[in-house]
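Using mature numbering (1 follows the signal peptide of the UniProt record, and there is no 0), the letters of the sequence shown correspond one by one to residues -26 to -1, 1 to 179.
Since the structure comes first, as structure tokens, the remarks are kept for the end.
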Amino acid sequence: MMNGSNALAALVVSLAVMAPASTALTAPKTQLSMQTGNVTSQPIGHYEFCRDHRDECSIRTRSGSSARVTAHGWEVVRDINLSVNTTIAPMTDMEIYGREEVWAYPVDAGDCEDFVLLKRRKLMDAGFSPADLLITVVRKPDGEGHAVLTLRTAQGDFILDNLVDEVKLWTDTPYTYLKRQASFDTGRWVTIENGTTDVMVGALK
């Protein structure tokens, strides 16, 4: 079994490797990563989640460049995304808990935020930094609010989504990006300034 430092080295390096989306190799640098803005409101579901998981919402790191993910690291990312997507049944909070906006680690069923939480925990267990695993609020083309997991890398920002098994560069998804966890503080959220050409409000208050 690899120790923590060896496992991390197997996942992230400073050398160039192939990213999972070919567009990441040709897209303008301004499109590879989201541009974040000011601190903004924390979704109520995450606020309540943090009351029960204070250690997960109090991780502070220096904001800096993300590491470049190795070929093995991308295999881990893909495997975790697919595994969670295929083992957790999609159900609404109302169906599971009888109320809305419950963010929790799923056992066998959950909604989009629950998928994100489980993928994030599994990737942290695999050696990825919490500063690079950011819960992100988006709006789908039909106007419905949705949550995905953003993986920050030196190759760009990639999205793990319970609606799609493929890990994609964020600009290759159909979503409007509104806000996400701050990379410097897991309990705070920041706006996404280049998520859309239109100002959209009201998602996952």
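Note that CB positions come from ideal geometry on N, CA and C, so glycine has one too.
Quick one: give me the first and last residue of the beta strand (DSSP E) that residue i is part of.
i	result
E140	V138 to L143
G11	T10 to T14
F132	G130 to D135
In whole angstroms, what separates the C-alpha of residue i from that of residue j?
i	j	result
W163	Q155	4 Å
M68	N136	18 Å
A1	G117	Unreliable placement is indicated for A1, whose pLDDT of 48 sits below 50; no coordinate value is reported for it.
residue 185	I70	The shown model of the chain, from -26 to 179, leaves out residue 185, and the question about it has no answer.
E49	F132	14 Å
S7	V81	32 Å
V(-10)	A128	Note that V(-10) scores a pLDDT of 42, beneath 50, so its modelled location is shaky; the value from the coordinates is reported in the next line. So the two alpha carbons sit approximately 10 Å from each other.
T44	F102	12 Å
K93	V58	7 Å
F158	T124	14 Å
S40	V51	15 Å
R36	T14	19 Å
E74	H46	38 Å
R95	N55	12 Å
P148	R25	32 Å
D146	D53	20 Å
V141	F23	26 Å
T110	G72	24 Å
G161	P17	11 Å
Mapping DSSP to helix, strand and coil, what is residue i?
i	result
R34	strand
T160	strand
T165	strand
State the beta-bridge partners of residue i as determined by DSSP.
i	result
R113	G119 and T150
L108	T124
Q5	According to DSSP, Q5 bridges with nothing at all.
How far does the alpha helix (DSSP H) with residue i in it reach, from first residue to last?
i	result
R25	I18 to D26
Checklist line | Any alpha helix (DSSP H) of 4 or more consecutive residues that is wholly inside the segment 62 to 103 | finding: 67 to 71 and 86 to 99
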